[in-house]
Amino acid sequence: MNYFRTALLLAGLTALFMAVGFVIGGRGGLMIAFVVALAMNVFSYWNSDKMVLRMTNAQEVDAHSAPEFYAMVRDLAARAQLPMPRVYIIHEDQPNAFATGRNPENAAVAATTGLLNRLSREEVAGVMAHELAHVKNHDTLIMTITATIAGAISMIANFGFLFSGNRENNQPMGVIGSIAMMILAPIAAMIVQMAISRTREYQADKLGAEICGRPEWLANALINIERGAHQIENYAAERNPATAHMFIINPLSGQRMDNLFSTHPATENRVAALMELARSMGGRGSFGAGQPAGPWGGGDAGRRGGPWG
Numbered sequence: 101m102n103y104f105r106t107a108l109l110l111a112g113l114t115a116l117f118m119a120v121g122f123v124i125g126g127r128g129g130l131m132i133a134f135v136v137a138l139a140m141n142v143f144s145y146w147n148s149d150k151m152v153l154r155m156t157n158a159q160e161v162d163a164h165s166a167p168e169f170y171a172m173v174r175d176l177a178a179r180a181q182l183p184m185p186r187v188y189i190i191h192e193d194q195p196n197a198f199a200t201g202r203n204p205e206n207a208a209v210a211a212t213t214g215l216l217n218r219l220s221r222e223e224v225a226g227v228m229a230h231e232l233a234h235v236k237n238h239d240t241l242i243m244t245i246t247a248t249i250a251g252a253i254s255m256i257a258n259f260g261f262l263f264s265g266n267r268e269n270n271q272p273m274g275v276i277g278s279i280a281m282m283i284l285a286p287i288a289a290m291i292v293q294m295a296i297s298r299t300r301e302y303q304a305d306k307l308g309a310e311i312c313g314r315p316e317w318l319a320n321a322l323i324n325i326e327r328g329a330h331q332i333e334n335y336a337a338e339r340n341p342a343t344a345h346m347f348i349i350n351p352l353s354g355q356r357m358d359n360l361f362s363t364h365p366a367t368e369n370r371v372a373a374l375m376e377l378a379r380s381m382g383g384r385g386s387f388g389a390g391q392p393a394g395p396w397g398g399g400d401a402g403r404r405g406g407p408w409g
């Protein structure tokens, strides 16, 4: 994603945040929202990754606490020519994963225990390669800042609605405006998230398949993750739906209004693109002929789970 598009997205979210402030407090609310938005953008640049990891209750692991998983990420990062990211595990039964961080030198990748226990080693490798592709493509900063600001928009919209009854005279649009704001502002923030998500996911799928060397590993993982996402609730994501676009598959169960708009491309389209890529690669990774099929040779593809720590 280029810098112009990033700046445009942040400007749109900032304008939306200011509009919510105007509805709540008129011109004074707009100016306060403007100052808060500027401060939030600066704060988010340096701290949004920590906030998202905290929202999802992610726990950092290392070569001692999760040796096999940590070694997998290390090998994939080396293949992608990336610095070693921080590695986290989220104690959620739903299989899923995401990446965060303002740049490759300060990146982190996180996987749920459901992903590590329910998918094969090769499928997990495909997923983590996808997340490292986001890091390599410099997607993670905008993904994380978007999650932070979108979450703040939803929070301030609900806050304004709670006090609308007692402060109607100070609000330019009154109770009706507050109700409309509560409904429309989070949806508008989600639409902005959707605007950048689809192309970004396709690009990360392609590069991730090249990093792990086997597009079908990622394709199979997407199918299994989507099935798990429909059957198993991700409690951390349900509490913080603004983070949904960061995961490899939408983690929301569909029980909330937030899931009316998908932040991800259709899984069947992503799988079809990956299988076409697999055919074009002729069963070999694009990192050079003569390598084994992926970093592990593919000899253990059917095994589920493992000593992940």
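In terms of the numbering used here, the sequence shown is residues 101 to 409. Glycine is no exception: its CB is placed at the ideal position from the N, C-alpha and C atoms.
Cβ-Cβ separation, Leu-352 to Glu-368 (assumed contact under 8 Å), whole Å: Here the question's residue 368 lines up with position 268 in the sequence shown. Here the question's residue 352 lines up with position 252 in the sequence shown. At roughly 19 Å, the Cβ-Cβ gap does not stay under 8 Å, so Glu-368 and Leu-352 are not in contact.
Drop a sphere of 10 angstroms on the beta-carbon of Thr-200, count the other beta-carbons inside from all chains shown, and report buried for 16 or more, exposed for fewer. Position 100 of the sequence shown holds residue 200. With 16 or more neighbouring CB atoms inside 10 Å of its own CB, Thr-200 falls in the buried class.
Residues bridged to Ile-311 [DSSP beta-bridge criterion]: Against the sequence shown, residue 311 aligns to sequence position 211. None; Ile-311 has no bridge partner.
With DSSP collapsed to three states, give me the class of Glu-333. Numbered from 1 along the sequence shown, position 233 holds the residue referred to as residue 333. DSSP places Glu-333 in coil when its eight states are reduced to three.
Helix, strand or coil at Ala-366 according to DSSP, with G and I counted as helix: Here residue 366 corresponds to residue number 266 of the sequence shown, with the count starting at 1. In the three-state DSSP reduction, Ala-366 falls in the coil class, being neither helix nor strand.
Please state the DSSP three-state secondary structure of Glu-192. Against the sequence shown, residue 192 aligns to sequence position 92. Glu-192 falls in the coil class under three-state DSSP.
Is DSSP giving Arg-186 helix, strand or coil here? Numbered from its first residue, the sequence shown carries residue 186 at position 86. It is a strand residue.
Opening and closing residue of the alpha helix (DSSP H) in which Glu-222 lies: To locate residue 222, count along the sequence shown from 1; it is residue 122. Where Glu-222 is concerned, the enclosing alpha helix (DSSP H) stretches over 221-236.
Ordered along the chain, which non-local residues of its own chain (more than five positions away) have a Cβ less than 6 Å from that of Leu-241? For the purposes of this step, residue 241 is identified with residue 141 of the sequence shown, where counting begins at 1. Result list for Leu-241: Arg-202, in chain order.
What residues in its chain sit with their C-beta under 8 Å from that of Val-161, if we drop five residues either side in the sequence? What you label residue 161 is simply residue 61 of the sequence shown in a count that begins at 1. If we look at Val-161 and ignore the five residues flanking it on each side, its Cβ neighbours are Phe-169, Tyr-170, Val-187, Tyr-188, Ile-189 and Gly-409.
I'd like the list of long-range same chain contacts for Glu-223, defined as Cβ closer than 8 Å, with 5 residues on each side in sequence excluded. For the purposes of this step, residue 223 is taken as residue 123 along the sequence shown, with counting starting at 1. If we look at Glu-223 and ignore the five residues flanking it on each side, its Cβ neighbours are Trp-317, Leu-318, Asn-320, Ala-321 and Asn-324.
Find the nearest neighbour of Val-235 within the set Ile-348, Ala-208, Ile-253 and Leu-215, judged by alpha-carbon distance. The sequence position of residue 235 within the sequence shown is 135, counting from 1. For the set Ile-348, Ala-208, Ile-253 and Leu-215, the Cα lying nearest the Cα of Val-235 is the one of Ala-208.
Given 8 Å, three or more beta-carbon pairs between the segment 297-315 and the segment 364-378: yes
Starting from Phe-169, trace the alpha helix (DSSP H) both ways and give me its first and last residue. Residue mapping note: residue 169 aligns to position 69 of the sequence shown, counting from 1. 167-179 is the extent of the alpha helix (DSSP H) around Phe-169.
Measure the C-alpha to C-alpha separation of Ser-220 and Asp-193 and round it to an integer number of angstroms. Along the sequence shown, read from residue 1 onward, the residue named residue 220 stands at position 120. Along the sequence shown, read from residue 1 onward, the residue named residue 193 stands at position 93. Their backbone Cα atoms lie some 15 Å apart in a straight line.
Going straight from the alpha carbon of Cys-312 to that of Ala-366, what length do you get? As a first step, residue 312 is located in the sequence shown; it is residue number 212 there, counting from the start. As a first step, residue 366 is located in the sequence shown; it is residue number 266 there, counting from the start. The straight-line gap from Cα to Cα measures roughly 22 Å.
Kindly indicate which three-state DSSP category Leu-108 falls into: helix, strand or coil? As a working note, residue 108 is residue 8 in the sequence shown. Helix, per DSSP.
Label Phe-117 either buried or exposed according to how many other C-beta atoms from any shown protein chain fall within 10 Å of its C-beta, with 16 as the threshold for buried. As a first step, residue 117 is located in the sequence shown; it is residue number 17 there, counting from the start. Classification of Phe-117: buried, given that the 10 Å Cβ count is 16 or more.
Assigned secondary structure, Phe-361 (DSSP; H/G/I helix, E/B strand, else coil): Working through the sequence shown from its first residue, we reach residue 361 at position 261. The predicted position of Phe-361 is uncertain, since its pLDDT is 48 and thus under 50; no value can be drawn from it.
Between the C-alpha atoms of Pro-341 and Val-120, what's the straight-line distance to the nearest angstrom? As a working mapping, residue 341 is identified with position 241 in the sequence shown. As a working mapping, residue 120 is identified with position 20 in the sequence shown. Computed Cα separation, rounded: 19 Å.
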